Amino acid sequence: MHGLINRAIQSFVCATYGQSCWLRVTESAGLGFTEFEAMLIYEDSMTTRVLDALSADLNRPQSEILEDLGTYLVSHPNMEGLRRLLRFGGVTYVEFLHSLDDLSDRARLAVSDLRLPVLELREVSPAEYQLHCYPGLPGYASVMVGVLRAVADDYGALAMLSHEGHQGDVEVITIVLVESAFAEGRHFDLGARGA
Amino acid sequence: MDTADLSTLLETLCPMFVMVDSAGNIVNAGPTVQKLRPDEPMKGRAFLDIFELVRPRTVTTIPALLSLAGGKVHLRFHDEPRTALKGLIAPLPDGDGAIINLSFGISILDAVRDYALTSADFSGTDLAIELLYLVEAKSAAMEASRSLNLRLQGAMLAAEEQAVTDMLTGLKNRRAMDMVLGYLISSGSAFAMMHLDLDFFKSVNDRLGHAAGDFVLQQAARIMEEETRNDETVARIGGDEFVIIFKGLVDEVVLSDIAVRLINRLRQPMMFQGTPCQISASVGTALSTQFKTPDAAELLNAADQALYEAKRQGRSRHCLYSALVEAGFRTASSQ
């Protein structure tokens, strides 16, 4: 598993539940260390053990925790850089949704050994979309639900999301756009890099 | 197609176009070009009053500029911010002037910031947004790698430091001493080597235990560091054996003074948990200048012989290798 993904989980747990929770989780997952490095590769089983331990520690289902992780990735000030990268996807929420088809390629362009599962957006109607998440990273669809919800807020769009479960080996997320310009949304300044 | 139709088309396809007539006056400018100077309408002004031609340097007039059909020019604004631009010149038919399509080129990063440009300012097929995305994504990835490198470098320095440090006393270890000796010999520096052995250390260890022994070693190390300068190398090379290397110091009177001071301080009883620990030290000193071509083993051996002589004379003493030589302990390689 890419260190960036493990590091994202670590950052989320520390920011949301505190350092002591993270230390308990790494301890019970038997990692033997407490800090993931973003630019190293780890065994997949380490990530699985961390998520299992986290779920047990918080007494919450993993899918719920992963949705929160997705929200954290977009909305927390720690993750401003990632939010900006996602906002490059489009000027409106709908444009952003269409850019998700390129998300795994975009990720690979930035970090060549970061492989994210393929996503495919299908337009059911101008107000309803289905996002098909292909396999490769267990829990990715749950994270994407949180990401999509937070990005909708970021654009000021009002959207209802639901994780429809599996269709074969593909997981399906339904996105119903109630209002594409519901609120002001957060500002995105192209030139704010490094500011 | 008339000029107005053409302008409408160009606004969609290349929002950074400038249309000039044969006299070099601006007929129309694309919305993004105009956005760069929002308070100064470009229409009607002379192209060369707004833009300075940077390259090719030979071109300074409008006719010469218009003759560069299909050619690339480098421009910049006359006034601040003097954003650099690239331009491609396409002449209009019948000598009616030309379209000059501008682009930011590499200055795009500053331009989006200076002019608060948005995606809407670039045509849908322009790679500008992708370029900006890539710069940010790569910078973030580079930053993550850089921070990993810094941590690895920190760990490496700590490991290197540990590899040359005696963990009990914080002095240099045998390996560090060998490295310093090797360096001094290969650079041809003059230096003195003092070999110091604690007397009665074994009895402290046996009577009061290892904790007391460790304490005595730490105290002895502290004294040696206090009695020497920072650029001298103090190393613990064995249980109760120490070596001090004095770089650039080969004055036997000064060295003898230091040795006597060291011995006197080490003879003061050290209090360990209320119990006095009494040790002393014997010291032998050799100089690199006593050998034509000094080598590490030979020098250590010379200092060791002097140390042995000091012990033989009844401990708590300092003996110079030169004194041994004078007394007839000549070795094959010494002078």
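Sequence lines, in order, name chains C and W. Residue numbers for the first sequence follow my numbering, so the first one is 428 and each next one is one higher. Residue numbers for the second sequence follow my numbering, so the first one is -4 and each next one is one higher. Virtual Cβ for every residue (Gly too), placed ideally from N, Cα, C. Bear in mind the structure is a predicted one, so any value in this text is a computation, not a measurement.
For residue i, the residue or residues it bridges with in DSSP
i        : result
W/Phe46  : W/Phe72
W/Gln273 : W/Gln273 is not bridged to any residue.
W/Asn96  : W/Phe12 and W/Leu83
C/Met587 : C/Val603
C/His525 : BP columns for C/His525 are empty, so no partner.
W/Gln148 : DSSP output for W/Gln148 lists no bridge partner at all.
W/Ile240 : W/Met188 and W/Thr228
W/Lys167 : W/Thr160 and W/Ala230
C/Val597 : C/Gln594
C/Tyr556 : C/Glu550 and C/Ile602
W/Val320 : Its beta-bridge partners do not exist; DSSP assigns none.
W/Ile21  : W/Val15
Buried or exposed by the 16-neighbour rule on C-beta atoms within 10 Å, applied to residue i
i        : result
C/Ile602 : buried
C/Ile468 : exposed
W/Pro289 : buried
W/Gln157 : exposed
W/Phe196 : buried
W/Glu131 : buried
W/Gln263 : exposed
C/Phe460 : exposed
W/Asp192 : buried
C/His614 : exposed
W/Asn144 : exposed
W/Gly269 : exposed
W/Ala327 : Any answer about W/Ala327 is weak, because its pLDDT of 42 lies below 50 and its placement is not dependable; what the coordinates show is given next. By the 10 Å Cβ count, W/Ala327 comes out exposed.
W/Gln330 : In this predicted model, W/Gln330 has a pLDDT of only 41, less than 50, meaning its place in the structure is not dependable; the value taken from the coordinates is given anyway. Classification for W/Gln330: exposed.
W/Thr164 : buried
C/Val578 : buried
C/Glu494 : buried
W/Gly234 : exposed
Proximity winner among the options, relative to residue i (alpha-carbon distances)
i         : options                                   : result
W/Cys9    : W/Arg40, W/Met188, W/Leu60 and W/Ser98    : W/Ser98
C/Thr443  : C/Gly430, C/Ala586 and C/Ile492           : C/Ile492
W/Ala93   : W/Thr7, W/Val15 and W/Arg146              : W/Val15
C/Gly595  : C/Gly497, C/Arg476, C/Asp495 and C/Pro562 : C/Pro562
W/Leu31   : W/Phe46, W/Ser17, W/Asn20 and W/Ala41     : W/Phe46
C/Gly573  : C/Ala465, C/Gly618 and C/His503           : C/His503
C/Val521  : C/Arg487, C/Arg549 and C/Ile436           : C/Arg549
W/Phe117  : W/Gly25, W/Glu35, W/Lys81 and W/Thr164    : W/Gly25
W/Leu70   : W/Leu87, W/Ala85 and W/Arg52              : W/Arg52
C/Leu585  : C/Tyr567, C/Val538 and C/Glu611           : C/Glu611
C/Asp529  : C/Ser539, C/Val518, C/Val538 and C/Glu547 : C/Glu547
W/Gln273  : W/Pro36, W/Thr160, W/Arg108 and W/Leu203  : W/Leu203
W/Asp226  : W/Val199, W/Ala187, W/Ala207 and W/Gln213 : W/Ala187
W/Ala(-1) : W/Gly323, W/Thr7, W/Asn23 and W/Arg146    : W/Asn23
W/Arg310  : W/Glu138, W/Ser317 and W/Val255           : W/Val255
W/Glu221  : W/Leu257, W/Ala18, W/Asp252 and W/Gly233  : W/Leu257
C/Leu617  : W/Phe42, W/Arg108, W/Pro271 and W/Leu319  : W/Arg108
W/Met219  : W/Ala85, W/Glu125, W/Leu5 and W/Ser275    : W/Ser275
C/Asn505  : C/Glu598, C/Pro553, C/Cys441 and C/Ala554 : C/Cys441
Whole-angstrom C-beta distance between residue j and residue i, which should lie under 8 angstroms
i        : j        : result
W/Ala298 : W/Ala281 : 4 angstroms
W/Gly279 : W/His205 : Rounded, the Cβ-Cβ distance is 27 angstroms, inconsistent with contact.
C/Gly508 : W/Ala115 : The Cβ separation is near 23 angstroms, so there is no contact.
C/Leu431 : C/Val538 : 7 angstroms
Closer than 8 angstroms: residue i CB and nearest the ligand GDP heavy atom
i       : result
W/Asn96 : You won't find the ligand GDP in this model; it holds no ligand whatsoever.
Any 3 or more C-beta pairs closer than 8 angstroms across the segment 231 to 246 of chain W and the segment 175 to 193 of chain W: yes
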